[in-house]
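In my numbering, the protein residues as written are 8 to 241. Glycine included, every Cβ here is placed at the ideal spot set by N, Cα and C. In this text the structure is predicted, and so the values were computed from the model without any measurement.
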């Protein structure tokens with residue numbers, strides 16, 4: 008069977024994840040069944056320790072399930088080698104992490120450019136695209152500062168800009184508005200909604216933030232490693 012793009016439907020079937028530390032097992036996910044259609048703008052909500060971040064990491068191929076399968080547009084990513092997963096993440100996905108994961112020795116501009124560099128874009132094109140997206144998220148005047156010279160909220164905006172600069176087919180965002188004031192959070196959510204609508208980019212969030220849940224068109228609640236509720240908004 009030929010491989011398909013990673014940005015289509017997400018299908019999780021009976022997904023479990025068990026962590027074992029010093030012979031003590033922690034069941035982070037307990038048989039999750041979830042389908043996310045291409046182009047959805049979906050929030051996964053739940054208390055700390057519910058398993059929502061673990062689920063995002065598995066969908067992004069950053070970790071592997073203990074059992075069950077995860078498909079992206081017909082391709083079973085839970086069975087792929089790391090090299091192939093890395094290529095899919097580079098070309099098809101964008102990530103926003105709680106800890107930002109910015110490269111400290113690079114400026115904000117260089118952090119956003121980095122994924123475009125890996126994709127082989129010319130210096131002129133990647134500079135233009137990175138500058139444009141950083142200006143859109145309100146960092147046009149400090150884009151040449153390094154992360155340590157920025158506030159937490161500014162670093163989060165750089166992380167969001169990096170995640171969407173290459174217009175991926177799937178964006179996985181772990182608490183993307185956690186360190187942002189209301190105005191900045193609304194601006195970023197608007198940017199994501201525009202990309203979602205214009206490019207049919209799928210957005211999947213894990214969040215505690217009522218602002219994200221309000222903008223989401225679908226709200227999936229997770230509790231104790233299981234899907235507790237699933238609401239599609241009208």
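Reduced DSSP secondary structure (H/G/I, E/B, other) of residue i
i           : result
residue 189 : helix
residue 156 : helix
residue 173 : coil
residue 168 : helix
residue 120 : helix
residue 238 : strand
residue 112 : coil
residue 226 : strand
residue 233 : strand
residue 45  : coil
residue 18  : strand
residue 131 : helix
residue 206 : helix
Chain-order list of residues whose beta-carbon lies under 6 Å from that of residue i (same chain, five-residue window excluded)
i           : result
residue 83  : 76
residue 164 : 144 and 146
residue 213 : 51, 59, 60, 63 and 181
residue 107 : 162 and 166
residue 103 : 166, 167, 170, 180 and 183
residue 25  : 32, 34 and 73
Cβ shell of residue i (< 8 Å), same chain only, five flanking positions each side left out
i           : result
residue 216 : 182, 184, 185 and 192
residue 229 : 39, 51, 52, 53, 57, 58, 59, 62 and 235
residue 189 : 218
residue 27  : 33
residue 111 : 153, 154 and 155
residue 134 : 116 and 120
Per DSSP, cross-strand counterpart(s) of residue i
i           : result
residue 180 : 103 and 212
residue 142 : Residue 142 is not bridged to any residue.
residue 137 : Residue 137 is not bridged to any residue.
residue 91  : Paired residue(s): none; residue 91 is not in a bridge.
Assumed close pair residue i, residue j - CB separation to whole angstroms, cut-off 8 Å
i           : j           : result
residue 195 : residue 167 : 5 Å
residue 295 : residue 121 : Outside the displayed span of the chain (8 to 241) sits residue 295, for which this structure offers no information.
residue 169 : residue 47  : In fact, because the Cβ distance is near 22 Å, the residues do not count as touching under 8 Å.
residue 34  : residue 160 : Actually they do not touch by this definition, with Cβ atoms about 34 Å apart.
Residues near residue i in its chain [Cβ-Cβ closer than 7 Å; skip 5 each side]
i          : result
residue 44 : 16
Runs of beta strand (DSSP E) wholly within the region 57-87 (minimum 3 residues, chain order): You should have 74-79.
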